[in-house]
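Colleague:
2 protein chains.
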Amino acid sequence: MHAEITRTAMALFVANGFDATTVDQIAAAAGISRRSFFHYFGSKEDVVLGDTDALGETVRAALEARPADESAWQAIRAAFLVLAESQGDLTEQLAVAHLYHDAPSLRARHLEKNLRWQELLAPDIQRRLGAPAGAAPDPRARAFVAAALACLDAAVDAWQESGGAADPAELFDQAVAALRA
Amino acid sequence: MHAEITRTAMALFVANGFDATTVDQIAAAAGISRRSFFHYFGSKEDVVLGDTDALGETVRAALEARPADESAWQAIRAAFLVLAESQGDLTEQLAVAHLYHDAPSLRARHLEKNLRWQELLAPDIQRRLGAPAGAAPDPRARAFVAAALACLDAAVDAWQESGGAADPAELFDQAVAALRA
DNA sequence: GCACGCGCTTGCACCAAGTGCAACAAACTT
DNA sequence: AAGTTTGTTGCACTTGGTGCAAGCGCGTGC
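From first to last, the protein sequence lines stand for chains S and C.
For the first sequence, the numbering used here begins at 84 and goes up steadily by one.
For the second sequence, the numbering used here begins at 84 and goes up steadily by one.
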């Protein structure tokens with residue numbers, strides 16, 4: 084059911100745009116009531132964003148599984164690679180990335196997701212930056228994770244604009260190199 | 084009038100919280116109609132965020148006024164310093180920063196503001212990263228600006244949590260150093 | 001077979017943000 | 001004095017989102 088609604092909604096989104104598609108239209112097209120839609124999804128944006136909390140946990144687990152002596156950049160790069168694997172359909176991902184361009188509310192939710200990921204990943208990064216275990220939250224770790232996510236977003240964006248031709252990992256590395264030069 | 088509404092609304096926000104304060108309450112407290120509120124502000128969030136576009140233009144102007152041979156990090160650091168001057172009341176700034184913590188919609192708008200700033204500042208940074216004038220938009224410049232804004236946000240956040248005691252510029256430098264180490 | 005409980009679905013009423021439109025009043029111009 | 005602008009307002013409407021309670025199918029125990 085969840086998947087069925089998602090499929091129906093995504094078709095409408097790419098056809099009419101995200102903002103121009105109302106929840107009533109989605110519900111009607113999926114053959115359910117408007118109320119039931121909100122039973123499955125907390126908001127319209129959730130259809131596109133999926134379960135970002137679970138994905139964030141996956142990234143966190145991947146990050147913490149990296150060797151303890153690995154540098155922060157190396158570790159977070161490796162952790163981000165699990166995202167490439169977990170994203171299934173390539174053309175669908177391109178469609179999602181395209182929706183972001185003209186849907187402010189969608190971008191906003193995506194950025195909020197990034198904020199939650201920040202809090203999730205910051206503790207491990209803080210350790211890798213040399214802080215003792217159990218130290219107070221350090222703004223430098225937050226800034227680091229936010230910057231890494233910014234590089235990731237820029238890489239994904241450029242990958243989408245290349246139509247899937249460019250290598251996301253390489254784009255990410257280039258972005259990171261620009262910061263550190 | 085603009086300022087009058089802002090004062091009234093901010094008082095309600097700090098008293099009841101941002102989400103719990105309705106536009107009707109603000110309008111009633113300010114002695115105007117609900118419709119007139121939306122004549123002055125496009126949204127409830129705009130009351131708190133102020134005119135971010137104008138502020139972004141100020142930063143852009145400051146950035147482009149820096150010497151052409153200055154490095155990207157040096158130039159953007161200097162440009163951000165004009166923000167510290169343009170923010171007037173210190174205690175009010177602390178109150179605003181506090182509102183962010185429990186108002187998701189507010190955070191989201193703030194992040195959208197950052198996105199617009201990204202587009203505003205990226206061209207100049209791209210030049211400073213070595214791209215020829217008139218080149219196609221480079222994701223590295225976008226990533227760079229986003230990372231710089233992340234450092235800025237982290238610095239402001241840490242400054243707010245210190246109660247205004249810490250030096251924002253120093254916090255910013257520390258965040259940048261963590262990225263580049 | 002039948003009542004009972006459980007979970008999913010739905011309709012309904014409601015709230016709050018935001019927009020478009022037209023009316024209205026006061027001030028200002030010619 | 002007539003006309004024009006400008007600010008303000010009321011009203012109706014759209015959309016996202018929530019709370020509540022009724023209904024409905026369905027399997028279980030008696």
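Ideal placement from N, C-alpha and C gives every residue a C-beta, glycine not left out.
If the cut-off is 7 Å on Cβ atoms, which residues from the stretch 198 to 218 of chain C count as contacting chain S, listed in chain order?
Modeller: Leu198, Leu212
Colleague: Against chain S, which members of the stretch 223 to 235 of chain C pass a CB distance test of less than 7 Å?
Modeller: Arg223, Arg225, Ala226, Phe227, Ala229, Ala230, Ala233, Cys234
Colleague: Look at S:Arg211 and S:Ala151 and say whether their C-beta atoms are less than 9 Å apart.
Modeller: Against a cut-off of 9 Å, the Cβ pair of S:Ala151 and S:Arg211 comes out as a contact.
Colleague: Is it buried or exposed for C:Gln243, if we count other Cβ within 10 angstroms and need 16 for buried?
Modeller: buried
Colleague: Verify whether the separation of the beta carbon atoms of S:Phe120 and S:Val106 is less than 9 Å.
Modeller: yes
Colleague: Run down chain S in chain order and give the residues with a C-beta less than 8 Å from the C-beta of C:Asp240.
Modeller: Those are Pro222, Arg225, listed as they occur along chain S.
Colleague: Would you mind telling me which residues of chain C sit closer than 8 Å to S:Ala237, beta carbon to beta carbon, in chain order?
Modeller: Pro222, Arg223, Arg225, Ala226, Ala229
Colleague: Can you say whether C:Met84 is buried or exposed, counting buried as having 16 or more other CB atoms within 10 angstroms of its CB?
Modeller: exposed
Colleague: Over what stretch of residues does the alpha helix (DSSP H) that includes S:Phe32 continue unbroken?
Modeller: Here chain S has residues from 84 to 264 only, and residue 32 of chain S is not among them.
Colleague: By alpha-carbon positions, which one of C:Ala260, C:Val259, C:Ala241 ends up nearest to C:Glu251?
Modeller: Sequence inspection shows Pro at residue 251 of chain C; the Glu mentioned does not correspond to that position. With distances taken between Cα atoms, C:Pro251 lies closest to C:Ala241.
Colleague: Does the stretch 192 to 200 of chain S touch the stretch 178 to 191 of chain C, meaning 3 or more C-beta pairs lie closer than 8 Å?
Modeller: In the pairwise beta carbon analysis, the stretch 178 to 191 of chain C is classified as touching the stretch 192 to 200 of chain S: at least three pairs are separated by under 8 Å.
Colleague: For C:Val259 and chain S, any beta-carbon pair shorter than 9 Å?
Modeller: Yes, contact with chain S.
Colleague: Does any CB atom of chain S fall closer than 9 Å to the CB of C:Glu153?
Modeller: No - not a single Cβ of chain S is within 9 Å of the one on C:Glu153.
Colleague: Between S:Val179 and S:Val131, how many whole angstroms is the CB-CB distance? I'm expecting something under 8 Å.
Modeller: Indeed they touch by this definition, with Cβ atoms about 6 Å apart.
Colleague: Nearest to C:Leu164 by CA position, among C:Ala260, C:Ala264, C:Ala238, C:Ala261, is which residue?
Modeller: Of C:Ala260, C:Ala264, C:Ala238, C:Ala261, the residue nearest in Cα terms is C:Ala238.
Colleague: Going by other Cβ atoms of all chains shown within 10 Å of its Cβ, with 16 needed for buried, is S:Gln157 buried or exposed?
Modeller: A residue is called buried once 16 or more other Cβ atoms fall within 10 Å of its Cβ, and S:Gln157, having fewer, is exposed.
Colleague: S:Phe96 by DSSP, collapsed to three states: which one?
Modeller: helix
Colleague: Spatial neighbours of S:Ala230 within its chain, please: CB distance less than 7 Å, with the 5 preceding and 5 following residues excluded, ordered by chain position.
Modeller: Listed in chain order, the non-local C-beta contacts of S:Ala230 below 7 Å within the same chain comprise Leu262, local neighbours out to five positions each way being set aside.
Colleague: What are the complete beta strand (DSSP E) segments, minimum 3 residues, inside the stretch 109 to 162 of chain C?
Modeller: none
Colleague: DSSP on C:Gln176, reduced to helix/strand/coil?
Modeller: helix
Colleague: My output table needs one value for S:Gln170: the three-state DSSP class, helix, strand or coil.
Modeller: coil
Colleague: Specify the secondary structure class of C:Leu198 as computed by DSSP and reduced to three states.
Modeller: helix
Colleague: Under three-state DSSP, which class holds S:Thr91?
Modeller: helix
Colleague: Once DSSP output is grouped into helix, strand and coil, what is the label at S:Pro187?
Modeller: helix
Colleague: DSSP state of C:Glu215, grouped into three classes?
Modeller: In the sequence as presented, Glu is not what sits at residue 215 of chain C; that position holds Pro. Of the three classes helix, strand and coil, the one that applies to C:Pro215 here is coil, per DSSP.
Colleague: Which chain S residues are close to C:Pro187, counting only those with a beta carbon under 7 Å from its beta carbon?
Modeller: Result: Glu195.
Colleague: Roughly how many angstroms separate the alpha carbons of S:Gly133 and S:Ala191, rounded to a whole number?
Modeller: As the crow flies, the alpha-carbon of S:Gly133 is around 15 Å from that of S:Ala191.
Colleague: Go ahead and pull the three-state DSSP assignment for C:Ala249.
Modeller: coil
Colleague: Comparing C-alpha positions only, which one of S:Arg225, S:Ile115, S:Ala218, S:Ala219 sits nearest to S:Leu203?
Modeller: S:Arg225
Colleague: So, are the CB atoms of S:Ala112 and S:Ala94 less than 9 Å apart?
Modeller: yes
Colleague: By the three-class DSSP mapping on this structure, what secondary structure does C:Ala260 have?
Modeller: Correct three-state label for C:Ala260: helix.
Colleague: Between the C-alpha atoms of S:Arg149 and S:Arg160, what's the straight-line distance to the nearest angstrom?
Modeller: 10 Å
Colleague: Between the beta-carbon of S:Phe227 and the beta-carbon of S:Ala144, is there less than 9 Å?
Modeller: Not closer than 9 Å, so no.
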